[in-house]
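To keep things clear, I will list the structure first and then write my remarks on it.
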Amino acid sequence: MRIARFSIDGNVAFGAVEGESPPGSTDGLVLDIIKGHPFTDFELSGTKVPLNKVRLLPPMLPNKVVAFGRNYAEHAREMGNEVPDAPFAFFKPSTSVIGPGDEIAYPSFSNEVHHEAELAVVIGRMCREVPRERVKDVILGYTCANDVTARDVQKREKQWARAKGFDSSCPLGPWVETDLDPSDLTIMCTVNGQQRQLGRTSEMIHSVEDLIVNITEAMTLLPGDVILTGTPAGVGPLTVGDEVAVTIEGIGTLTNKVIKRG
Ligand code: MG
0 MRIARFSIDG
10 NVAFGAVEGE
20 SPPGSTDGLV
30 LDIIKGHPFT
40 DFELSGTKVP
50 LNKVRLLPPM
60 LPNKVVAFGR
70 NYAEHAREMG
80 NEVPDAPFAF
90 FKPSTSVIGP
100 GDEIAYPSFS
110 NEVHHEAELA
120 VVIGRMCREV
130 PRERVKDVIL
140 GYTCANDVTA
150 RDVQKREKQW
160 ARAKGFDSSC
170 PLGPWVETDL
180 DPSDLTIMCT
190 VNGQQRQLGR
200 TSEMIHSVED
210 LIVNITEAMT
220 LLPGDVILTG
230 TPAGVGPLTV
240 GDEVAVTIEG
250 IGTLTNKVIK
260 RG
């Protein structure tokens with residue numbers, strides 16, 4: 000099931016996305032409004048609205064976004080870094096999250112903002128110290144993410160809070176796919192329609208299971224928390240006016256435009 004979060008007539012709702020649409024379009028998709036909340040047993044109301052008549056929101060409002068770095072060897076190499084032995088995590092704040100179609104506001108303190116297409120894991124239940132065999136039980140589903148990064152700031156500041164945590168640096172969407180095997184999916188990033196990144200999630204050094212085991216050794220994850228799993232090679236600059244799109248096989252496409260911060 001594809002679960003979207005959206006606003007309609009001033010209210011926020013979740014809905015199951017139904018139907019098929021041509022690539023790059025939402026024509027033909029409808030939302031069956033969810034009664035209750037996706038983290039609990041819920042029912043579909045049967046009340047349907049065309050998807051292109053509503054505004055999609057970030058599919059979740061996470062308490063925290065935990066992002067893993069250098070999880071694709073070729074990307075680590077392109078940045079001149081060693082491949083780490085163990086997973087390493089950093090945070091993106093909840094205030095960095097934006098939804099599909101929202102604008103990435105180019106920060107004033109950077110001259111080099113990069114795209115990083117990533118598979119995002121959405122947590123479905125409160126959990127900690129999750130054993131490998133239970134990881135699938137704590138996952139609600141998967142969505143597309145862009146770990147937007149001020150690369151120049153990342154290089155000159157030891158901690159990445161500003162470089163990777165500025166407002167609008169974590170686009171998520173367009174919805175959460177709950178029925179998906181994440182182990183070997185095509186992941187792609189285009190800028191203004193030109194392909195920049197192309198990889199497969201099977202190239203991850205540490206699997207989704209590894210990452211969830213690793214982070215829950217340290218901290219409790221809450222329903223709606225989001226885990227970013229690293230980016231394949233091909234990262235590169237964004238400029239004001241660009242349209243950046245992250246597409247993951249079996250999920251869909253997350254598109255955002257880059258604007259100057261007002
Ligand atoms: Mg990243």
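Reminder that position 193 of the sequence shown reads as 192 in numbering that gives the first Met the number 0, one-by-one numbering, no gaps. Quick reminder that beta carbons are idealized off the backbone N, C-alpha and C, glycines included.
Buried or exposed, going by whether 16 or more other CB atoms sit within 10 Å of the CB of residue i?
{"i": "E128", "result": "exposed"}
{"i": "Q196", "result": "buried"}
{"i": "K63", "result": "buried"}
{"i": "V82", "result": "exposed"}
{"i": "N255", "result": "buried"}
{"i": "S182", "result": "exposed"}
{"i": "F87", "result": "exposed"}
Going by alpha carbons, who is nearest to residue i out of the options?
{"i": "V65", "options": "L28, I211, Q158 and R150", "result": "I211"}
{"i": "T46", "options": "T39, I33 and L55", "result": "I33"}
{"i": "A232", "options": "R54, T185 and K256", "result": "T185"}
{"i": "S109", "options": "P222, R155 and V16", "result": "R155"}
{"i": "D136", "options": "M125, N255, G198 and C143", "result": "M125"}
{"i": "P106", "options": "S167, W159 and P49", "result": "S167"}
{"i": "T215", "options": "R76, V134 and I250", "result": "V134"}
{"i": "L28", "options": "D8, L55, F41 and E42", "result": "L55"}
{"i": "V225", "options": "I97, A12, G9 and T189", "result": "I97"}
{"i": "L139", "options": "G235, V112, T189 and P58", "result": "P58"}
{"i": "D31", "options": "T252, P49, P22 and D209", "result": "P49"}
{"i": "D40", "options": "G123, K52, L60 and T238", "result": "G123"}
Which two residues bound the contiguous beta strand (DSSP E) that contains residue i?
{"i": "D40", "result": "Run containing D40: none; DSSP gives neither H nor E here."}
{"i": "E176", "result": "C169 to E176"}
{"i": "A232", "result": "Neither: A232 is in no beta strand (DSSP E) and is coded neither H nor E."}
{"i": "Q196", "result": "Q193 to R199"}
{"i": "V245", "result": "E242 to I247"}
{"i": "V64", "result": "V64 to G68"}
{"i": "I276", "result": "Residue 276 falls outside the range modelled here, since the chain spans only 0 to 261, and no answer is possible."}
{"i": "D31", "result": "V29 to K34"}
{"i": "I103", "result": "E102 to Y105"}
DSSP state of residue i, grouped into three classes?
{"i": "S20", "result": "coil"}
{"i": "L50", "result": "helix"}
{"i": "G164", "result": "helix"}
{"i": "H113", "result": "strand"}
{"i": "A15", "result": "strand"}
{"i": "D136", "result": "helix"}
{"i": "S6", "result": "strand"}
{"i": "A85", "result": "coil"}
{"i": "D183", "result": "helix"}
{"i": "R295", "result": "Examination of residue 295 is not possible in this model, given that the chain is present from 0 through 261 alone."}
{"i": "T94", "result": "helix"}
{"i": "R124", "result": "coil"}
Along the alpha helix (DSSP H) that carries residue i, what are the first and last residues, could you check?
{"i": "L210", "result": "V207 to T215"}
{"i": "V152", "result": "R150 to R155"}
{"i": "E73", "result": "A72 to E77"}
For the ligand NAP, I want to know if residue i counts as a neighbour, meaning its beta carbon is within less than 8 Å of at least one of the ligand's heavy atoms.
{"i": "P83", "result": "In terms of ligand content, the structure shown lacks the ligand NAP and carries the ligand MG instead."}
Report yes or no: is there a C-beta of chain D within less than 9 Å of the C-beta of residue i?
{"i": "Y71", "result": "Considering every chain present, this structure includes no chain D. It has just one protein chain."}
As a quick check of your reading: which residues have a C-beta less than 7 Å from at least one non-hydrogen atom of the ligand MG, in chain order? A66, G68, E115, E117, D146, T148, L227, G229 and T230
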